[in-house]
Amino acid sequence: DAGITQSPRHKVTETGTPVTLRCHQTENHRYMYWYRQDPGHGLRLIHYSYGVKDTDKGEVSDGYSVSRSKTEDFLLTLESATSSQTSVYFCATGGGPDTQYFGPGTRLTVL
Amino acid sequence: TQLLEQSPQFLSIQEGENLTVYCNSSSVFSSLQWYRQEPGEGPVLLVTVVTGGEVKKLKRLTFQFGDARKDSSLHITAAQPGDTGLYLCAGGYGGSQGNLIFGKGTKLSVKP
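For the record, the sequence lines run as chains P and R.
FYI, the numbering for the first sequence is 1 to 111, going by this note's numbering.
FYI, the numbering for the second sequence is 1001 to 1112, going by this note's numbering.
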């Protein structure tokens, strides 16, 4: 268990509103990742970070932005939420290549 | 697009049976991970295999990495209801960012 928490755990919001999800880790891992998980698609990478202020896009980054101002925190922002962003969002951390540990997830519903 | 195909997608068995799930790709990976995910929770890392032909055992679970490092299997002996969950495989290329490619998973149900 890599000491990863996500907040909130559940959120219901309306189309067009901004939403920020937070991931917090206590393991001092360099790498952090945001995924979404949807039926039929599996886990898809949204954005990732390889250090403070160092981030890059993943497979499904459109409509999402991220920020990492401290090693322990990685924020995912939906600037203007849409119904297609209804999903379960997972944060993961990794201390080195090819090993990732996941948080408990955030279930987001956009009405 | 690199793909990891998992089979079967769904598996429903009785307690005590044996089963094998598969993870296949046309890509060569530097490592292969297996995760188990229970409803409402995040995936939990079970094992990482890195050497072609490698076999790792975790109690009743046996993981094998193919010789060519393109495929992997997970075998469960004498399945128990506690083994129920979604099993995910993920391939890594050993890059500096540590990105993984995930399969869509095998949903296992073990009935008492």
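Idealized CB from N, CA, C, for every residue including glycine.
Everything numeric in this text was worked out from a predicted model, so none of it was measured.
Going by beta-carbon coordinates alone, are residue i and residue j separated by less than 7 Å?
i       : j       : result
R/G1082 : P/P104  : no
P/N58   : P/Y48   : The residue asked about is misnamed: residue 58 of chain P is Gly in this sequence, not Asn. Yes, they are a contact pair.
P/R36   : P/S87   : yes
R/G1103 : R/R1036 : no
R/V1110 : R/E1015 : yes
P/G3    : P/E27   : yes
R/T1106 : R/V1049 : no
P/T106  : P/Q6    : yes
R/L1011 : R/L1088 : no
R/I1101 : R/G1094 : no
P/Q85   : P/L76   : no
R/L1061 : R/I1076 : yes
P/G94   : P/Y31   : yes
P/L111  : P/E14   : yes
R/W1034 : R/F1065 : no
R/L1019 : R/A1079 : yes
Listing by chain order, which chain P residues have their CB less than 7 Å from the CB of residue i?
i       : result
R/N1099 : L45, Y48
R/S1031 : D98
Going along chain P, which residues have a C-beta under 8 Å from residue i?
i       : result
R/E1041 : P104, G105
R/K1104 : G40, H41, G42
Taking only heavy atoms of the ligand NAP into account, decide whether any of them is closer than 6 Å to the Cβ of residue i.
i     : result
P/V52 : With respect to the ligand NAP, the structure offers nothing, as it holds no ligand at all.
For residue i, return the contacting residues in chain R, with the cut-off set at a CB-CB distance below 7 Å.
i     : result
P/F90 : G1042
- Residue ranges of each beta strand (DSSP E) within the segment 3-61 of chain P, 3 or longer: 4-7, 10-13, 19-25, 31-38, 42-51, 54-57
- Item | Validate contact between the segment 1052-1059 of chain R and the segment 86-106 of chain P using beta carbons, cut 8 Å, 3 pairs | no
- Given 8 Å as the limit, is there contact between the segment 1005-1021 of chain R and the segment 59-75 of chain P, that is, 3 or more CB pairs closer than that? no
- Message: Quick test of the definition: if touching needs 3 or more C-beta pairs under 8 Å, does the segment 1060-1074 of chain R touch the segment 19-33 of chain P?
- Response: no
- Query: At what residue ranges does the segment 1069-1101 of chain R contain a whole run of the beta strand (DSSP E), taking only runs of 3 or more?
  - Reply: 1071-1076, 1085-1092
- Proximal residues, the segment 48-67 of chain P versus chain R, C-beta separation under 8 Å: Y48, Y50, D56, G58
- Task: Closer than 7 Å, Cβ to Cβ, to anything on chain P: give me those residues from the segment 1045-1061 of chain R, in chain order.
- Result: L1045, T1048
- Item | Ranges of the beta strand (DSSP E) found wholly within the segment 65-100 of chain P, counting only runs of at least 3 | 73-78, 87-96
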